Structures are given as structure tokens and as C-alpha cells.
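See below for the structure under consideration.
Residue numbers (the working numbering), protein chains in the order written: chain S, -17 to 482; chain L, 3 to 313.
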């Protein structure tokens, strides 16, 4: 495992994709492209050496990130699904390679040509960077960042590829790359650290001492840290969660995937919350409303709202495959399977996740009491809002679990689309009701969890819609549980064979 | 120790039971033919046996190792080949085997010699350095077998290995499997083309609709299923009338059919009674040329045991 260069999967990719003739052609082409880029920069630098080298270096570095980012996203995004299509994956699964070895081999092997292209351009980049006045340490830090970024993107692609049947869905890797790059605008938010998911702030602040990003760095637990550190931290920690899911599931059949264990999923929820508060810039918090920051009330809503996708993520990661759920149901019917069993329904595990989210909020309020009074935090409302989210998420996850028990194709994707359709329908109906009878809008908007986050006063008489929506979910959840138990209680059809 | 042991093995897909609580023990050195119509559960059984599918209930032990509890250890003993597969077309023949030898974690120093040995065994010596994409279907199948045996597995699990092969390639495959059997490998082979298994399997298991209808040594099943043996007799001279008279007078004989100087009949008696019958014929002046039992084929047995599903 540690001698990754001897990993059979990596060696296979090197042999298949780096035959001498091809490697020579790729290497020569890379050098020619570098020369062409250099000529282009020379013509725009008007004969001044320093700006020429700096522009040339910037171009080469930018190209390296683009080439490696796309290469890793697309090749890793297809790596597993393509093997499934080719029917070669079963043979890999029946070897003695562990999931971790398989993951390392694919992560480094699938984009090997991309790594080779970048490796060919590295000597040129180093020389040009040094001549451009960049310190060697900066050049090395940039390479570390490039490597961490490409591995992270590759892990995202590999994770996506593990979940799909067709290699054409390899675009998921590119989608992951696009989402992480689009986090850049967070630089100017109260959570500048989230911009670290995009590699841009780290690259820009690394190479320019007078950059505005260098002057307003990210914050980590209230301390100002360079974007390089935050990006590396995000890539490593999120990459570790992806690696955990991959190693748990790489050798499993597609229908038997279970992304995380129950406790790991709760841990993921806790990690997301920890990250939320760790990346918050406390200087953007003000006890009273101002134009330039957030009040504790706004942060609380944001923290609760942040937990909606977190709870959904935890629920999705713990959805139980049909077969395991059926086994659990049979055990339960004879009094053996507990409700918190790893093979049971996922919803009981949303409860500790929500409780942890609330605990993190209280801890944040307590931690900042020196600057913001504890009573300024609307912790009571937050508890009700979080409860609302928990109930709605429980409903949604049970609905998705029910979808997974039906015979529809791609049940989870379809289930999510149904839920989005529901939210859109409620939204449109709410807007119509708002126009026709404004006093009743709350009862319509209350059918989604978002409404609870928009109401400032959660007392009974002003937020009746929230409680109406909440109360309505209880029978819906009971109904979903009834449907699920109905599916699971169906007797197995054993074909009868009479022996001759 | 049993080479393969399946205990209460069960697989359910949605509400359908694909394999129903199967108990099978295959001793070492057996060639076990898993027969049955399409959809009987053969592929599901083999996929569970090699750890590709988790069973709903039950366990599979290969060479004493639980396939689900210690999957990577169990793979050391298993070689698997499925009916339809592809190879890494952008590798050379030796590179492909080298890849799997490393993936099965064979000792580094043994690998080069073992690759040469396997290439020779599957008859691809002249293709040692050839790219896989240039091989014929039969050659690819042989290379697939080579991949399955590269790590000297004790158990070979072959799921319809001859499907899609031409007659020549089938014969090659058959000979290859025979030589592996001679080397002591235990082979579990599934097929719905029963002639493929003829004269090759030592045991059979008949599957239908997820159930193991019968399982055991071929001769034991044949003996237990046969109420009578089918005998064939031939003679010279004009003795047809005598033959018919003698045979019809014997109460153990039934279903006599004669054509020219040959006859086929069913005999429900013991070995001694059969010897007496032959003696009677000879003493009656019938000049017997041959007198022997017509062996039942696997196909005969299947038709007798099964409910005659579509093959």
C-alpha cells in the first residue's frame, strides 16, 4: 500500500497508456505547447524580461491546474463505471487487491497521462518561475497544492463513478470540479474559508504578496490563515471522507452500496458543522444589525439552514439496501433487530446528527460570549427550526427509502426529483395564495422546511403555518413507515419445484 | 476438507427467491457440473460462491475460508471466469497475466516463470508479446482461463465458460479443463448446454427455479435414478426370432426393439440375472457379437430429473 508505485492497477495504466511512442509524442507536444505559450507571452511583454517570465509562469501554472483538473475529473469519473460496462470489474473484485489498493491504483493510474503532461512542463515552469522572481518555496508550495487539488478532484470523480452504472455519467467528476471552483465568491462572505474549495484563492494569494486576497486571508477558528492552508485542509479532510466511502464500497455490488456506517454518517454531520463554525470569520458578527456583518440571529438561521443539506446528506449516506433492510425486518419481527441496527431504517440516526448540530450552535454561542452576550442568540427558535428540519428530513429520507424498495429504475434520483417537484409545487401554490389570500400563505409555505427559517417570531399565533406544516408531517411519516413495512412484509416468492 | 461448502445459501431479488436455502458440499478434486435451464439460479450461485454477490442468508466456504468474512483471503483459493467478459485490450498477453499475478499477490520471484507456464498451458506461446486486441475470441477465452488459474487456485468457478465459442475453441477449452482437473483443481462449472459437460464432470447438481433438485456423484445419481438399464445387443446370423423369443420370455426385459441384427431393450434385473440372460442367448445358439449397457448421458439424466424446462 505504501509502495504505491508498485500498485498493480497503477502499473497497468502506466503500461497501457504510456507506451514509449505515445509517451514521446505527448512529451514533445507538451514542450512545443510550452514554447508556443512562451512566444505568446514574449510578444505581449514588449521585451521586458521580468514581466515576460511572470506572465509565462502564470500561464503555465494556470494550464497545469486546468489540464490536471479536467483530466482527473473526467478519467476518474469514468474509471469504475467503464470497467463495469466492459465487464472487467468483476475480475478486479475477485482479486486479492483491497479496496484501498484499488482506490489508490485508480486514483493515480486513470489520469496518468495528465500527470505525465504536467510532469513534462514542470522543469520549464520551475525555471520560468525562478527567473520571474518567485521564491523556490512558493514554487514548491504551488506543486503541493496542485497535487492535493488533483487528488481531491480525482477522488470526487472516482466517488461519482462508483455510484453510477454508465461511464457517460463521468461528467459527474466535471460537475464536482465546477461546484468546487464556483465556491470562489465565498471569499467575500463571512465564511471566506469555504472559498478554499476552489483552488483559485490559494493560487492567487500564493503568488502575489500585494494581492487583495493576501490582505484578507481566510479564518480558521478565528485565526487568520493563508488560503493555501485552508485549501489543503479542505482537500485533505473532505478527501478523507470520500476515501472512506470508497474503501467501504469499492468491492461491493452496485445494489449493495452503503456509503457510510451509521456512526460514520453522524461523524460526517458533526464534521460539516465543525467546519461551518471553524471557517466563520468572527469579526463579521455583530450584536446589533449593521450593513457589514451578521447578527447572531442571522448566523443562527444560517447555521440551521446549513444543516438541511447536511441532514439530507447523512440520510442519503445511510439509506439501507433493500435486501439488508428485508433481513433486518425479519429479525425485528422475531424480536432481534433493534431500531438503531446498521441494517435498519436510516431515520433514527438523523436525531443524533441534529442534536450534535444544536450542540455545536450552543458551543459557538458560549465561545463568543465575551464579544456577544449569550442571550443575544435565539437558541429557543433555533431548537424549533432544527426540529422542523429534522421532521421534514425524516419524511424525505423515508420517502427515498420507500422509493428504493420499489421496482423503479434509478429510485434515488427519481425520488429526489419527486421531492424537488413537490417543493416547486408548494412554492408556486404559495405565491398564488399570497396574492389571493395573504393571511393563508403561511399554511402553504409551511409545507416545506424553508418557511420555518424565514419566520422571525416562532410563537404559536404568528407562526401557525410552521406548526401546521410540522403537525402534518407526523401522519405522513407514519404513512411512509406503513408503506415501507408493507413492502418489507411481502412474502418472498419461492418458486415451487416438484422433483421427478 | 470440502473444497466448496455452501450452507443454507439464499439469495432474494426484490420479492423473488433466486436461490433457495441451498446446501452443497463439493469435495476436493471434483468436477462439479451445475446444470439447469436459464434462470435456474446457476449464475447467482456461482457469483455468491466467488464473493461477487452477498447472499441474503447463508455462507460459502472455499477451502475452509468464509468468502464473506475473509474475502481477500478466500480469493487466494478462487479462480473465476464468467460467460461474457472482456479483457484489457490495450495490454499485451504477458502484461495482462502479470497484472493479475500481482493483483493476486503472488510472490514476486515466482511471477515471470508462472506467466510463461500459464501461457504455455493455454497454448498462447506465439502470442506472448501480442496485444490482446489482436486475439481471436477463442484465444481471448483461453487467456481468460489463464487469468483465472495464474495464482494456482484450488477452486475454479466457471460460469458458462464455453458460451459463444466455436466447436474447435470448445474442444480446446475442454482439454484445458481436463488437464487442470488432472492437476488436482476442483472445478465448479455451470452450463445449460449439457453435452459440454458429458464425460467430464464427476458430480452434478441440477438446479431449477432456485432449488437444488439433485446433487451428487454422477454414477450415484445415475444408479439411484435408474429402475432399469438400457442394454444393446448385436449378433451375426439369422437369429432374430430366437433373440426376440428369449428376451420376451424374460420378465425382467421390456421395451425390446430389434432392427436387422441389433436389438435394444430395458433390463430391470441384477448383474447375475443379466449374466444368466446372456448365457441363455448363447446356449440357444445366438452368435452374440456384443452385449453391453448403453450409458446414460447427462442430458438423459437431466430430462429424467427435471420437469423438462426449456433448455
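For every residue, glycine included, the Cβ atom is placed at its ideal position computed from N, Cα and C.
Just so you know, these numbers come straight off a predicted model, no measurement behind them.
Considering only residues of the same chain and omitting the five flanking positions on each side of residue i, which have a CB-CB separation below 7 angstroms?
i	result
residue 100 of chain S	46, 49 and 50
residue 422 of chain S	415
residue 259 of chain S	342 and 346
residue 34 of chain S	23, 24 and 27
residue 428 of chain S	447, 448, 450 and 451
residue 281 of chain L	none
Could you check which residue in the options has the C-alpha nearest to that of residue i?
i	options	result
residue 538 of chain S	S:334, S:-8 and S:285	Missing from the structure shown is residue 538 of chain S; chain S here goes from -17 to 482 and no further.
residue 360 of chain S	S:337, S:421 and S:440	S:440
residue 236 of chain L	L:255, L:215, L:262 and L:250	L:262
residue 150 of chain L	L:139, L:138 and L:163	L:163
residue 226 of chain S	S:261, S:207, S:247 and S:213	S:247
residue 84 of chain S	S:113, S:38, S:120 and S:137	S:137
residue 250 of chain S	S:235, S:289 and S:277	S:289
residue 171 of chain L	L:124, L:36 and L:251	L:124
residue 219 of chain S	S:40, S:254 and S:154	S:254
residue 365 of chain S	S:342, S:349, S:320 and S:447	S:342
residue 118 of chain L	L:105, L:96 and L:264	L:96
residue 272 of chain L	L:83, L:254 and L:184	L:254
residue 99 of chain L	L:184, L:80, L:54 and L:146	L:146
residue -12 of chain S	L:77, L:53, L:68 and L:101	L:101
residue 122 of chain S	S:104, S:113 and S:132	S:104
residue 79 of chain L	L:54, L:42 and L:106	L:106
residue 293 of chain L	L:109, L:302 and L:238	L:238
residue 243 of chain S	S:210, S:296 and S:232	S:296
residue 368 of chain S	S:340, S:379 and S:358	S:340
residue 61 of chain S	S:351, S:32, S:148 and S:119	S:148
residue 507 of chain S	S:183, S:315 and S:331	Outside the modelled stretch of chain S, which goes from -17 to 482, sits residue 507 of chain S, for which no answer is possible.
residue 153 of chain S	S:237, S:90, S:182 and S:58	S:58
Once you ignore the five residues that flank residue i on each side, which residues in its own chain have a CB closer than 6 angstroms to its CB?
i	result
residue 482 of chain S	Residue confidence is low: residue 482 of chain S scores 41 on pLDDT, short of 50, so the model does not pin down where it sits. Its coordinate-derived value is still stated next. Excluding positions up to five away in sequence, the list is empty.
residue 241 of chain L	288
residue 296 of chain L	232 and 234
residue 134 of chain S	217 and 221
residue 163 of chain S	180
residue 132 of chain L	95
residue 95 of chain S	-1
residue 353 of chain S	none
Look at the Cβ atom of residue i, then the Cβ atom of residue j, and state whether they are nearer than 9 angstroms.
i	j	result
residue 276 of chain L	residue 233 of chain L	yes
residue 266 of chain L	residue 258 of chain L	yes
residue 496 of chain S	residue 371 of chain S	Residue 496 of chain S lies beyond the stretch modelled for chain S, which goes from -17 to 482, so this question has no answer here.
residue 58 of chain L	residue 9 of chain L	no
residue 74 of chain L	residue 79 of chain S	yes
residue 382 of chain S	residue 362 of chain S	no
residue 161 of chain L	residue 140 of chain L	no
residue 485 of chain S	residue 180 of chain S	Residue 485 of chain S falls outside the range modelled here, since chain S spans only -17 to 482, and no answer is possible.
residue 311 of chain S	residue 56 of chain S	no
residue 261 of chain S	residue 201 of chain S	yes
residue 36 of chain S	residue 114 of chain S	yes
residue 202 of chain L	residue 219 of chain L	no
residue 82 of chain L	residue 137 of chain L	no
Under 8 angstroms Cβ to Cβ from residue i, same chain only, skipping five residues before and after it: list those, please.
i	result
residue 214 of chain L	24, 25, 26, 207 and 208
residue 12 of chain L	19, 21, 22, 23, 24, 57, 58, 59 and 60
residue 5 of chain L	28, 29, 30, 31, 32, 64, 65, 156, 157 and 188
residue 40 of chain S	189
residue 494 of chain S	With chain S covering -17 to 482 only, the question about residue 494 of chain S has no answer from this structure.
residue 93 of chain S	50, 53, 54, 57, 58, 132 and 136
residue 294 of chain S	375, 378 and 379
Is the beta carbon of residue i within less than 8 angstroms of some heavy atom of the ligand PLP?
i	result
residue 284 of chain S	What this structure holds is no ligand at all, so the ligand PLP is not there to describe.
(request) Please list the segments of the alpha helix (DSSP H) lying wholly inside the segment 407 to 436 of chain S, counting only runs of 4 or more residues, in order along the chain. (result) Within the segment 407 to 436 of chain S, the complete alpha helix (DSSP H) runs of at least 4 residues are 423 to 427 and 432 to 436.
(request) Ignoring anything shorter than 4 residues or poking outside the segment 315 to 359 of chain S, list the alpha helix (DSSP H) runs there in chain order. (result) Within the segment 315 to 359 of chain S, complete alpha helix (DSSP H) segments of at least 4 residues are found at 332 to 349, given in chain order.
(request) Scan the segment 338 to 355 of chain S for residues whose Cβ lies nearer than 9 angstroms to a Cβ of chain L and list them as they occur along the chain. (result) Closer than 9 angstroms at the C-beta level to chain L, one finds no residue of the segment 338 to 355 of chain S.
(request) Scan the segment 66 to 96 of chain S for residues whose Cβ lies nearer than 8 angstroms to a Cβ of chain L and list them as they occur along the chain. (result) Listed in sequence order: 68, 69, 70, 72, 73, 74, 75, 76, 77, 78, 79 and 80.
(message) Runs of 4 residues minimum, wholly inside the segment 37 to 84 of chain S: which ones carry the alpha helix (DSSP H) assignment?
(response) Counting only runs of 4 or more residues that sit fully inside the segment 37 to 84 of chain S, the alpha helix (DSSP H) segments are 71 to 75, in chain order.
(request) Output the residue ranges of the beta strand (DSSP E) runs that lie fully inside the segment 28 to 109 of chain L and measure 3 residues or longer, sorted by chain position. (result) Counting only unbroken stretches of 3 or more residues, the beta strand (DSSP E) elements lying wholly within the segment 28 to 109 of chain L are 33 to 37, 59 to 64 and 80 to 83, in sequence order.
(message) Output needed in chain order: residues of the segment 306 to 318 of chain S with a Cβ under 8 angstroms from some Cβ in chain L.
(response) Taking 8 angstroms as the Cβ-Cβ cut-off against chain L, the residues of the segment 306 to 318 of chain S that qualify are 308 and 309.
(request) Go through the segment 197 to 275 of chain S residue by residue and report every complete run of the alpha helix (DSSP H) that reaches 4 residues or more, in order. (result) Here the runs fully enclosed are 209 to 231 and 244 to 260.
(message) Please list, in chain order, the residues of the segment 104 to 117 of chain L that have any C-beta partner in chain S closer than 8 angstroms.
(response) Residues of the segment 104 to 117 of chain L with a C-beta less than 8 angstroms from any C-beta of chain S: 104, 105, 106 and 107, listed in chain order.
(request) Could you name the residues of the segment 19 to 32 of chain L whose beta carbon sits closer than 7 angstroms to any beta carbon of chain S, in the order they occur along the chain? (result) Flagged, chain order: 19 and 22.
(request) Scan the segment 292 to 306 of chain S for residues whose Cβ lies nearer than 8 angstroms to a Cβ of chain L and list them as they occur along the chain. (result) Answer set for the segment 292 to 306 of chain S: 304 and 305.
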